[in-house]
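Top to bottom, those sequences are chains A and B. Residue 0 is where the first sequence starts when you use numbering that gives the first Met the number 0, and the numbers rise one by one after that. Residue 0 is where the second sequence starts when you use numbering that gives the first Met the number 0, and the numbers rise one by one after that. The structure under discussion appears below in the form of structure tokens.
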Amino acid sequence: MSNDGGEVVPGREEAGYDDSTAPSGGFRKGAFGVSGSGDTSGFGGLVRVEPGGAVALHSTERPYGGYFDEVTDALIEAVGEATYAAAVQRVLVDRGEITYFVAREHLLTLVQPLRDDEALRFELCSSVSGVDYLDSGGPAVAPGRPRLHAVYHLTSMTYRRRIRLEVAVSAEDPHVPSVTGIYPTADWHERETWDMFGIVFDGHPALTRILMPDDWDGHPQRKDYPLGGIPVEYHDATIPPPDTRRAYR
Amino acid sequence: MSTTYNPSDPYAGSRETTEGRVYTVTGGDWDLTLGADPHGEERLVVNMGPQHPSTHGVLRLVLDLEGETVTKARVVIGYLHTGIEKNTEYRNWVQGTTFVTRMDYLAPLFNEAGYCMAVEKLLGIDIPQRAATIRVLVMELNRIASHLVALATFGMEMGALTGMTNGFREREMVLDLLEEITGLRMNHAYIRPGGLAQDLPEGSVEHIREFLEVMPKRVADFHRLLTGQPIWQNRLKDAGYLDLTGCVALGITGPVLRATGLAWDLRKVEPYLGYDSYDFEVPTADTCDAWGRYLVRMAEVNESLKLIEQALDRLEPGPVMVEDKKIAWPAQLSLGPDGMGNSLDHVRHIMGQSMEALIHHFKLVTEGFRVPAGQVYVPIESPRGELGYHVVSDGSTRPWRVHVRDPSFVNLQATAAMSEGGMIADVIAAIASIDPVMGGVDR
């Protein structure tokens, strides 16, 4: 917890999160984020820049360390150098985990050998989910930068390795090819990601809502979707948004 | 005597008798629906659930039947969706613990541990040794409780009701221990980012040792009650068959995967919290059916007992929370006669002695600590399989995104593969052997 504004959180620079491009995630006023009432703490005039910026935009240089180099070399060998260069936009190694940022049109060309190649053998698709980076601060919100990320966690049971693939798309064109043909387990994961984020997985056998009711409007886990405040079809009940539930007046 | 066809009411034709007019009600529009079936088979669509005692909570199955054979099984979920993942984005990092613990409500301590380990990995901190040992201790207690519910409901759904009463009775012993340690029977919020809410209370170690004395006898009772019983064996054997290839393709982990003969247990293959220094086995079976999954769970209860004993033996005095006061929860919690709360010493300190301590307490509790930006994926072995936490931070005091790869959610996808082509009675055995918890499936 930092009391003073603009303090760089330890470890951010090492991890490659560049704060120098601020102003990023916006500003905070006062010591407690209070608005609408008098701040009697004496810190009311304090203005500080939020750190912000969940997406690191640089690429880690090789060698990556650990088994990451072996995996990357095997992947380059399997798909060819030209395809790899076109498919993988950048690679980020952070906190002992590797993330490949993949162009969506090349996703399946990478995933097929990742599962089948003898040197890779990522047999298990642990998880597919989404992250919405809307207004996450930092350069990630630059115009035209896609905000919806589909995140794949792959596990090699043979070599006991894990990697992460990330595909970024915009909310206006949220199409990603489905990996259900390669990993049947992705069926429900992709349905959930469609349900919650509105990412369309082309080629999915039946992309329907899974957790929300079939006729629900909107995608609840997007950042511009409110928490609460949605009318519910039950005795005309409405749940007010959290910030309006109690009024201390 | 044939019924007169009445064009104004095709389903309830009438005829006159000496007793007055008699109506004959026929099959409603089902007759028309089935009459249109080109195969002319005895096709029947049965809706099972969402409120059905053998569907483990609010799970709905739509089964296509031909006679008693299931030709198609569709699973409908979402009845227990509460938006926990979304809610965590509006609370600070410590409050997240109290949300995630309510997902898989039979394994709350695994949810807490996975979440806290993800936050700690983002923070880049190590927890004290005693905290790690107690985490192992309470998680293995929790694993026993969870498996006992799995076995109890398994018994209930197969008609072995004594299995249920026994299972819940034994589970109550574990819940009593967890209540003594954490203050709550379920939804403990005991494991916190950086360590634990509080140390083991006095006397709890002795009570756990008493439990270790009793439990092996109860496991033996379970074996005497069910394992050797011919009806139990006949109901479980060859029911819900799914082999290794099917499991990996469908992403199935946990006892279902281990019942195919693959000893894939994250405590062994990707050890965390020092599990590699404990002596325990990974039980497997090679039958690929509900029977194998039953045996694996029974054996895992014994392995958890071994782990608990070792954890008790290596408990050394020491802190249970990181030293860093910028992260550690400021309140010193204590168990009072009326429940858990702040210790009086701590209240005296912040209210009467140190204004800085009061400010610090206030800031940390209301605003919380900041977590450096980045994302991690932390998998642990829950009683149902790989429980993964994908946590993203943007550097603020709240999570940017918490996604939970819940094993029940993934494993439930195997329902169709396990039950299509089998008898309708085996659907119940198949689902019971998956042991889904709908709180985790729907989140």
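All C-beta atoms in this analysis are idealised placements derived from N, C-alpha and C, irrespective of residue type, glycine included. Quick caveat: nothing in here was measured; it's all calculated off a predicted structure.
- Cα atoms of residue 201(B) and residue 173(B): separation of roughly 17 Å, rounded to the nearest angstrom.
- Taking every protein chain shown into account, the CB of residue 146(B) has 16 or more other CB atoms within 10 angstroms, so this residue is buried.
- Leaving aside the five residues that flank residue 272(B) on each side, the residues in its chain whose CB is nearer than 7 Å to its CB run, in chain order, 131, 134, 135.
- Listed in chain order, the alpha helix (DSSP H) runs fully inside the stretch 97-144 of chain B are 107-122, counting runs of at least 4 residues.
- Counting C-beta atoms within 10 angstroms of its own C-beta, residue 215(B) has fewer than 16 neighbours from the protein chains shown and is therefore classed as exposed.
- Around residue 193(A), the same chain offers 206 as residues with beta carbons nearer than 6 Å, after the five sequence neighbours per side are excluded.
- Residue 240(B) has a beta carbon lying at 8 Å or more from every beta carbon in chain A.
- Going by C-alpha positions, residue 125(B) is about 12 Å away from residue 117(B).
- Chain-ordered listing is empty here: chain B has no CB closer than 9 Å to the CB of residue 206(A), the nearest sitting near 15 Å.
- Here residue 306(B) is buried, its C-beta having at least 16 other C-beta atoms within 10 Å.
- In this chain, the alpha helix (DSSP H) harbouring residue 418(B) covers 414-418.
- Taking 8 Å as the upper bound on Cβ-Cβ separation, chain A lies near residues 76, 77, 80, 82, 84, 85, 86 of the stretch 73-86 of chain B.
- According to the DSSP assignment, residue 200(A) belongs to the beta strand (DSSP E) that extends over 199-201.
- Setting aside the 5 residues that flank it on each side, residue 280(B) is surrounded in the same chain by 302, each with a C-beta closer than 7 Å to its C-beta; the list follows chain order.
- Any Cβ of chain A closer than 8 Å to the Cβ of residue 441(B) would place that residue at the interface, and such an atom is present.
- One thing to note: residue 127(B) has its Cβ within 8 Å of the Cβ of residue 318(B).
- When secondary structure is reduced to three states using DSSP, residue 100(A) falls in the strand class.
- Counting only residues of its own chain and dropping the five nearest sequence neighbours on each side, residue 423(B) has a CB closer than 7 Å to the CB of 62, 64, 67, 69.
- For residue 82(A), no beta strand (DSSP E) run applies; the uninterrupted alpha helix (DSSP H) run containing it begins and ends at 80-86, by DSSP.
- Contact between residue 225(B) and residue 158(B) does not hold, since the beta-carbon distance rounds to 11 Å and is not under 8 Å.
- Out of 200(A), 146(A), 187(A), 97(A), the CA that lies nearest to the CA of residue 64(A) is found in 97(A).
- In terms of CA proximity to residue 105(B), 405(B) leads the group 405(B), 206(B), 416(B).
- Closest in alpha carbon position to residue 87(A), among 94(A), 95(A), 106(A), is 106(A).
- For the stretch 208-222 of chain A, the beta-carbon criterion of a distance under 7 Å to any beta-carbon of chain B is satisfied by 209, 210, 211, 219, 220.
- Of all residues in the stretch 73-96 of chain A, only 93, 94, 96 come within less than 7 Å of chain B when Cβ atoms are compared, listed by chain position.
- Neighbourhood of residue 184(A) in chain B, by CB distance below 9 Å: 247, 248, 249, 250, 251, 409, 412, in chain order.
- Secondary structure remark: continuous beta strand (DSSP E) runs of at least 3 residues inside the stretch 352-416 of chain B, in chain order: 373-381, 384-392, 400-404.
- DSSP places residue 440(B) within a helical segment (H, G or I) once states are collapsed to three.
- A contact is defined here as three or more CB-CB pairs under 8 Å, and the stretch 374-384 of chain B meets this definition with respect to the stretch 243-254 of chain B.
- Sequence-distant partners of residue 389(B) (beyond 5 residues in either direction) whose C-beta falls short of 6 Å from its own C-beta, in its chain, are 376, 402.
- Each residue's CA atom was taken as its position, placing residue 220(A) and residue 442(B) some 13 Å apart.
- DSSP places residue 243(B) in the uninterrupted alpha helix (DSSP H) bounded by 243-248.
- Chain order gives no chain A residues near residue 118(B), where near means a beta carbon separation below 9 Å; the closest approach is about 12 Å.
- Judged by DSSP in its simplified three-state form, residue 233(B) adopts helix.
- If you look at residue 165(B), you'll find it in the alpha helix (DSSP H) that goes 160-181.
- Interface with chain A (8 Å Cβ-Cβ cutoff): residue 92(B) is excluded.
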